[in-house]
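Residue numbers (the numbering used here): 2 to 361. This report refers to the structure that appears directly beneath it.
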């Protein structure tokens with residue numbers, strides 16, 4: 002019986018690494034308990050051959066891996082796959098005002114828990130976290146590389162959780178959960194968020210795009226759920242740079258969304274250059290249409306319970322404007338037409354010069 006047990010155990014290990022076809026499913030296995038090829042994620046990344054043209058698949062077993070990770074430019078076509086989104090956690094706790102060994106502040110970029118510089122990176126079933134707490138800017142993931150894909154991942158933090166850094170970078174997020182307080186999805190990249198949950202933990206702003214003037218698209222949210230906590234109110238976005246582009250299409254908006262929808266970051270000149278748009282928003286935070294003549298506006302705003310999340314009460318992170326009684330968006334935002342929304346497909350948004358369509 003003992004021999005049979007050993008055989009079964011070996012078969013299970015072989016199946017997890019090689020898959021049902023007998024072909025090797027993962028190139029490296031990371032297990033902090035020592036059963037894999039490496040005990041840290043960075044060791045596995047370092048082992049990837051430079052500028053490999055084929056995919057390198059790294060399987061990460063459940064555990065909390067406290068590492069400040071760097072995927073260098075030379076480590077192309079790397080895929081990280083967690084054993085489970087909930088229990089495979091990559092975390093660190095740096096923040097912008099923390100000092101390095103020379104007594105200098107790290108800054109927003111330096112605070113990142115994970116730097117993704119390489120092209121063609123994929124991640125699946127992982128939690129990325131910056132657990133520094135309420136200490137200002139503290140980035141969980143900073144993505145510079147092109148053609149990045151995240152599927153079934155969590156991004157946990159407060160201010161500046163997800164930094165979409167590369168101006169030429171295209172990124173795709175599918176079935177992900179992203180949380181934060183202030184500007185927690187920000188940057189200059191072109192990115193699509195499809196079927197994601199975006200949770201604002203306190204008063205603040207979801208997006209802060211710095212879209213280059215020449216870019217056709219910026220941040221696009223497709224079929225997402227926008228949620229919040231308690232009585233906190235937040236904006237869909239504000240412009241980090243004056244040509245910011247952010248669009249929400251077929252998204253559910255909870256009651257926590259400010260009726261105005263968008264904020265100008267105290268830059269009235271940006272109202273002439275930004276592109277902030279929605280199409281078919283639903284839920285109590287959606288825009289209230291003008292009532293038809295002779296009818297009364299619908300005042301039903303029922304909502305479902307939101308997750309119990311800690312609110313961010315720092316004064317620096319809160320919007321101080323009074324909440325208006327109307328539900329109408331700022332006049333410099335746009336409600337897309339049926340014809341206009343046809344251009345918001347993955348093939349159009351992420352095509353670039355190489356006609357890239359993300360593969361999960």
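Beta carbons: idealized from backbone N, C-alpha and C, even for Gly.
Using C-beta distances below 7 Å, list every residue in its chain close to residue i, excluding the 5 sequence neighbours before and after it, in chain order.
i           : result
residue 74  : 118 and 119
residue 163 : 141, 142, 156, 179, 185 and 186
residue 152 : 125, 175, 176 and 361
residue 353 : 171
residue 150 : 123, 173, 359 and 361
residue 255 : 227, 228, 229, 284, 285, 286, 304 and 307
Among the options, which one has its Cα closest to the Cα of residue i?
i           : options               : result
residue 28  : 40, 186 and 79        : 79
residue 125 : 82, 350 and 89        : 82
residue 264 : 253, 256, 254 and 245 : 245
residue 248 : 97, 37, 337 and 284   : 337
residue 180 : 158, 127 and 164      : 158
residue 232 : 258, 224 and 252      : 258
residue 241 : 213, 227 and 229      : 213
residue 202 : 251, 161 and 239      : 161
residue 266 : 215, 205 and 335      : 205
residue 252 : 173, 46 and 226       : 226
residue 60  : 97, 269, 350 and 123  : 123
residue 342 : 115, 130, 218 and 77  : 218
residue 93  : 268, 87 and 116       : 116
residue 87  : 194, 243, 62 and 215  : 62
residue 261 : 148, 335 and 350      : 335
residue 54  : 199, 216, 76 and 39   : 76
residue 250 : 329, 97, 288 and 269  : 288
Suppose you measure from the CA of residue i to the CA of residue j; what does that come to, to the nearest Å?
i           : j           : result
residue 66  : residue 357 : 32 Å
residue 113 : residue 331 : 33 Å
residue 236 : residue 277 : 12 Å
residue 280 : residue 186 : 20 Å
residue 134 : residue 110 : 17 Å
residue 182 : residue 68  : 23 Å
residue 84  : residue 167 : 29 Å
residue 169 : residue 145 : 8 Å
residue 188 : residue 50  : 30 Å
residue 362 : residue 128 : The structure shown has nothing for residue 362, since the chain only spans 2 to 361.
residue 300 : residue 286 : Summary for residue 300: the model assigns pLDDT 38, below 50, so the residue's position carries little reliability, and this model does not support an answer.
residue 223 : residue 345 : 9 Å
residue 52  : residue 58  : 14 Å
residue 36  : residue 26  : 17 Å
residue 1   : residue 104 : Residue 1 is absent from the structure shown; the chain starts at 2 and stops at 361.
residue 39  : residue 48  : 10 Å
Could you check how far apart the C-beta atoms of residue i and residue j are, in whole angstroms? I think they sit under 8 Å.
i           : j           : result
residue 175 : residue 196 : 6 Å
residue 70  : residue 30  : So it is not a contact: roughly 17 Å between Cβ atoms.
residue 102 : residue 72  : At roughly 23 Å, the Cβ-Cβ gap does not stay under 8 Å, so residue 102 and residue 72 are not in contact.
Could you check whether the Cβ of residue i sits closer than 9 Å to any Cβ belonging to chain B?
i           : result
residue 254 : Going by chain labels, chain B is absent from the structure shown, which holds only one protein chain.
Grouping DSSP H, G and I as helix and E and B as strand, with all else coil, what is residue i?
i           : result
residue 102 : coil
residue 347 : helix
residue 195 : strand
residue 26  : coil
residue 360 : coil
residue 208 : strand
residue 259 : coil
residue 278 : strand
residue 33  : coil
residue 48  : helix
residue 167 : coil
residue 124 : strand
residue 342 : helix
residue 68  : coil
residue 172 : strand
residue 354 : coil
residue 83  : strand
residue 150 : strand
residue 243 : coil
residue 215 : coil
residue 111 : helix
residue 42  : helix
Excluding the 5 residues flanking residue i on each side, which residues of the same chain have their C-beta closer than 6 Å to its C-beta?
i           : result
residue 333 : 272
residue 220 : 192, 208, 210 and 247
residue 275 : 240 and 245
Ordered along the chain, which non-local residues of its own chain (more than five positions away) have a Cβ less than 8 Å from that of residue i?
i           : result
residue 100 : 106 and 107
Can you determine whether any heavy atom of the ligand GDP sits closer than 8 Å to the C-beta of residue i, and answer yes or no?
i          : result
residue 39 : Among the components of this structure there are no ligands whatsoever, and the ligand GDP is therefore not found.
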